[in-house]
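Report on one structure; see the data block that follows.
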Amino acid sequence: MLLDENILLKYGAIVAEYEHGEEIFNEGGSPKYYFQIRTGIVELNNYDVDGKEFTQHILFEGQSIGESFLFADMPYTVNAIAKSACDIIKISKYSFLKLLDENPEISLKLFKLIAERLSDKYSMMFTLISQEPESKIKSILNYLKKNSNHDSPFTYEVPLTRKQIANLTGLRVETVIRTVKRMANNNKLKIRNRRIFC
Numbered sequence: 001m002l003l004d005e006n007i008l009l010k011y012g013a014i015v016a017e018y019e020h021g022e023e024i025f026n027e028g029g030s031p032k033y034y035f036q037i038r039t040g041i042v043e044l045n046n047y048d049v050d051g052k053e054f055t056q057h058i059l060f061e062g063q064s065i066g067e068s069f070l071f072a073d074m075p076y077t078v079n080a081i082a083k084s085a086c087d088i089i090k091i092s093k094y095s096f097l098k099l100l101d102e103n104p105e106i107s108l109k110l111f112k113l114i115a116e117r118l119s120d121k122y123s124m125m126f127t128l129i130s131q132e133p134e135s136k137i138k139s140i141l142n143y144l145k146k147n148s149n150h151d152s153p154f155t156y157e158v159p160l161t162r163k164q165i166a167n168l169t170g171l172r173v174e175t176v177i178r179t180v181k182r183m184a185n186n187n188k189l190k191i192r193n194r195r196i197f198c
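Those letters in the sequence shown? Residues 1 to 198, per full-length UniProt numbering, in order.
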């Protein structure tokens, strides 16, 4: 867990349950809570004017959701959608800011996380402007694996579908399928029971 659940609960946090597909917050909404995933998977996304989805980020157990908007005091620029059944710890903005004020070590931990995410975003942006599909996919897989506890080759099961990888990279699903097969044939990843391992 990013922040200790007991401290969050002490300051008035609650655990909210979200069903698969349920919206946690939406683009244009005003940030009123700090959110931290206890269980489940959350996707941050946008839609272009034609209704095409673009996935900005996939978040997992222990990660926080949209905390930078609380500090910027600006509307959300993304939607947060539960991609599985989720238990999410949420605490009001007022109580969360009080918690940070009274616990400066937690503030430092959170600001470090925000800086790391910003750094990752810069790296991803550079890779995603590449025209090479394999580079885009490899970048996403490396990012996900880096944030897991799997160091050995082919031990990390990628928790994304081909469609989600396409949404994250801006590629077509068919291109992702072809590229992943080619990467498997070149021993850059493994496919077991239609799941990707890197």
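Backbone N, C-alpha and C fix where the C-beta goes; we use that ideal spot for every residue, glycine too.
Distance, Cα to Cα, residue i vs residue j?
| i | j | result |
| --- | --- | --- |
| Gln63 | Arg178 | 31 angstroms |
| Tyr156 | Phe60 | 14 angstroms |
| Arg176 | Asn187 | In the sequence under discussion, the amino acid at residue 176 is Val, which differs from the Arg named in the question. If you take the alpha carbons of Val176 and Asn187, they lie about 16 angstroms apart. |
| Ser92 | Leu108 | 20 angstroms |
| Met183 | Ala13 | 44 angstroms |
| residue 199 | Asn142 | The chain is shown from 1 up to 198; residue 199 falls before or after that span and cannot be answered. |
| Gly170 | Ile191 | 22 angstroms |
| residue 200 | Glu27 | Residue 200 cannot be examined here, being either before or after the span of the chain that is shown, 1 to 198. |
| Val15 | Gly29 | 21 angstroms |
| Glu22 | Pro31 | 17 angstroms |
| Val173 | Glu132 | 15 angstroms |
| Lys121 | Asp48 | 20 angstroms |
| Pro104 | Ile137 | 38 angstroms |
| Leu8 | Ile106 | 11 angstroms |
| Ile24 | Asn45 | 12 angstroms |
| Glu134 | Val180 | 8 angstroms |
Let's see if you can read the secondary structure: which residues bound the alpha helix (DSSP H) around residue i?
| i | result |
| --- | --- |
| Tyr94 | Lys93 to Glu102 |
| Lys188 | Counting along the chain, Lys188 falls outside any alpha helix (DSSP H), and DSSP gives it neither H nor E. |
| Leu8 | Glu5 to Lys10 |
As a quick exercise: from the options, pick the residue whose alpha carbon is nearest that of residue i.
| i | options | result |
| --- | --- | --- |
| Val42 | Asp151, Pro159, Lys10 and Lys93 | Pro159 |
| Asp101 | Ser119, Met124 and Phe71 | Phe71 |
| Arg195 | Tyr94, Glu27, Leu99 and Gln164 | Gln164 |
| Ile89 | Lys136, Asp4, Thr55 and Pro31 | Asp4 |
| His20 | Ala13, Gly40, Glu132 and Gly12 | Gly40 |
| residue 209 | Ala16, Leu144, Ala166 and Thr55 | Since the displayed the chain opens at 1 and closes at 198, residue 209 lies outside it and no answer follows. |
| Glu17 | Lys10, Cys86 and Phe25 | Cys86 |
| Asn6 | Gly29, Glu174 and Leu99 | Leu99 |
| Gly51 | Gln131, Arg162, Pro153 and Asn167 | Asn167 |
| Tyr11 | Leu97, Val173 and Asn45 | Leu97 |
| Leu2 | Asn185, Arg162, Leu113 and Lys146 | Leu113 |
| Arg162 | Phe197, Ile129, Met125 and Met74 | Phe197 |
If I follow the unbroken beta strand (DSSP E) through residue i, where does it start and stop?
| i | result |
| --- | --- |
| Arg195 | Arg195 to Phe197 |
**Report entry** Those runs of the alpha helix (DSSP H) which lie wholly inside the stretch 115-177 and span at least 4 residues
**Finding:** 133-146 and 162-169
Query raised in the report: Contact between the stretch 53-69 and the stretch 23-43: three or more CB pairs below 8 angstroms?
Result: yes
Query raised in the report: Counting only runs that start and end within the UniProt domain "Cyclic nucleotide-binding" (18-117), where is the beta strand (DSSP E) found for 3 or more residues in a row?
Result: 23-25, 33-39, 42-47, 53-59, 79-82 and 86-92
Query raised in the report: Below 8 angstroms, can you find three or more Cβ-Cβ pairs linking the stretch 117-128 to the stretch 75-82?
Result: no
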